[in-house]
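Just so you know, the sequences run in chain order Y and U. Quick note, in the numbering used here, the first sequence goes up one by one and the last residue is 904. Quick note, in the numbering used here, the second sequence goes up one by one and the last residue is 123. We put the CB at the ideal spot given by N, CA and C, even for glycine. These numbers were taken from a predicted model, which means no experiment stands behind them.
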Amino acid sequence: AQTVTQSQPEMSVQEAETVTLSCTYDTSENNYYLFWYKQPPSRQMILVIRQEAYKQQNATENRFSVNFQKAAKSFSLKISDSQLGDTAMYFCAFYFGNEKLTFGTGTRLTIIP
Amino acid sequence: NAGVTQTPKFQVLKTGQSMTLQCAQDMNHNSMYWYRQDPGMGLRLIYYSASEGTTDKGEVPNGYNVSRLNKREFSLRLESAAPSQTSVYFCASSDRGGKAFFGQGTRLTVV
Numbered sequence: 792a793q794t795v796t797q798s799q800p801e802m803s804v805q806e807a808e809t810v811t812l813s814c815t816y817d818t819s820e821n822n823y824y825l826f827w828y829k830q831p832p833s834r835q836m837i838l839v840i841r842q843e844a845y846k847q848q849n850a851t852e853n854r855f856s857v858n859f860q861k862a863a864k865s866f867s868l869k870i871s872d873s874q875l876g877d878t879a880m881y882f883c884a885f886y887f888g889n890e891k892l893t894f895g896t897g898t899r900l901t902i903i904p
Numbered sequence: 013n014a015g016v017t018q019t020p021k022f023q024v025l026k027t028g029q030s031m032t033l034q035c036a037q038d039m040n041h042n043s044m045y046w047y048r049q050d051p052g053m054g055l056r057l058i059y060y061s062a063s064e065g066t067t068d069k070g071e072v073p074n075g076y077n078v079s080r081l082n083k084r085e086f087s088l089r090l091e092s093a094a095p096s097q098t099s100v101y102f103c104a105s106s107d108r109g110g111k112a113f114f115g116q117g118t119r120l121t122v123v
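Here it is as structure tokens:
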């Protein structure tokens, strides 16, 4: 069974700074997908970024980028030039084949004005 | 674009009552999920359905039943609600690459 671990329950950073959220996972599979989801206080789940394991290039979406280390089974999210609207819970998730989508326990990120 | 529609948004039940949470998606996805979210626990999978006609248990299935009525709909039933089932419930569906789309959530309180 796949597991996803987020070891940072809470983080805070000053506005405009850069912050990195950590995620590790455990799997014996080779081709899979990794995700970061954002959940603001509205409770809406929003996809931030997706990484396909067969791609060596790290995914980027505007201010959001990942550091995907397949051998180390590590998948961190970097948020550059952080904004107040980035305050949210962030969940790392793993998906393989046609099976279940597994989430980590989340990191609560607070951007300080 | 409707995406994933989940009802109701709020519900209060008395211990022992039953209810069904409804979920429908209009994206022709094969996979659908029910999660519960408790403070500090992240999203825990209750049940999922990889395709129409199939369902599988997640990590916290006890006290719940599901039904994949057709490709669009995936319902979650609480037969005899307990206070431990007080939570926020999310329905989701995903495409072949695992990209998930979520409903708005149901805040359920069992008293």
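Q) Going by C-alpha distance, which of Y/G897, Y/P904, Y/E801, Y/L892 is nearest U/K69? A) As a position in the second sequence, residue 69 of chain U is number 57, starting the count at 1. Comparing Cα positions, the closest option is Y/L892.
Q: Pick helix, strand or coil for U/Q34, following the three-state DSSP scheme.
A: Here residue 34 of chain U corresponds to residue number 22 of the second sequence, with the count starting at 1. U/Q34 falls in the strand class under three-state DSSP.
Q.
What would DSSP say about Y/S873, mapped onto helix, strand or coil?
A. Locating residue 873 of chain Y in the first sequence gives position 82, counting from the first residue. Coil.
**Q.** Assigned secondary structure, U/Q97 (DSSP; H/G/I helix, E/B strand, else coil)
**A.** Here residue 97 of chain U refers to the residue found at position 85 when the second sequence is read from its first residue. In this structure, U/Q97 counts as helix in the three-state DSSP scheme.
Q) Hey, is the segment 851-865 of chain Y in contact with the segment 793-801 of chain Y, meaning 3+ C-beta pairs nearer than 8 Å? A) no
(Q) What would DSSP say about Y/T818, mapped onto helix, strand or coil? (A) Within the first sequence, the letter at position 27 stands for residue 818 of chain Y. It is coil, neither helix nor strand.
Q: Using a Cβ-Cβ cut-off of 9 Å, state whether Y/L892 counts as contacting chain U.
A: To locate residue 892 of chain Y, count along the first sequence from 1; it is residue 101. Chain U contact via Cβ: present.
Q) Using the beta-carbon of each residue, which ones in chain U are nearer than 9 Å to Y/Q848? A) Numbered from its first residue, the first sequence carries residue 848 of chain Y at position 57. Ordered by position in chain U, no residue passes the 9 Å Cβ test against Y/Q848, which lies about 16 Å from the chain.
**Q.** Identity of the residues DSSP links to Y/F826 by a beta bridge
**A.** For the purposes of this step, residue 826 of chain Y is identified with residue 35 of the first sequence, where counting begins at 1. Paired residue(s): Y/R841, Y/A884.
Q) Which value, in whole angstroms, describes the spacing of the CA atoms of Y/G895 and Y/K829? A) Counting from 1 along the first sequence, the entry for residue 895 of chain Y is found at position 104. Counting from 1 along the first sequence, the entry for residue 829 of chain Y is found at position 38. Answer to the nearest angstrom: the Cα atoms are 12 Å apart.
Q) Just by C-beta distance, which residues in the segment 95-112 of chain U are closer than 9 Å to chain Y? A) V100, F102, A104, S106, R108, G109, G110, K111, A112
Q. Looking only at C-alpha atoms, which of U/L81, U/A112, U/V72 sits nearest to U/T32?
A. Here residue 32 of chain U corresponds to residue number 20 of the second sequence, with the count starting at 1. Looking at the Cα atoms, U/L81 is the closest of the given residues.
Q: Count the other CB atoms, across all protein chains shown, that sit within 10 Å of the CB of Y/M880; report buried if there are 16 or more and exposed otherwise.
A: Walking along the first sequence from the start, residue 880 of chain Y turns up at place 89. Buried: at least 16 other Cβ atoms inside 10 Å.
Q | Proximity test, Cβ basis, 9 Å: U/Q23 and chain Y | A | Start at 1 with the first residue of the second sequence, and residue 23 of chain U comes out as number 11. It does not: the Cβ of U/Q23 has no partner Cβ on chain Y nearer than 9 Å.
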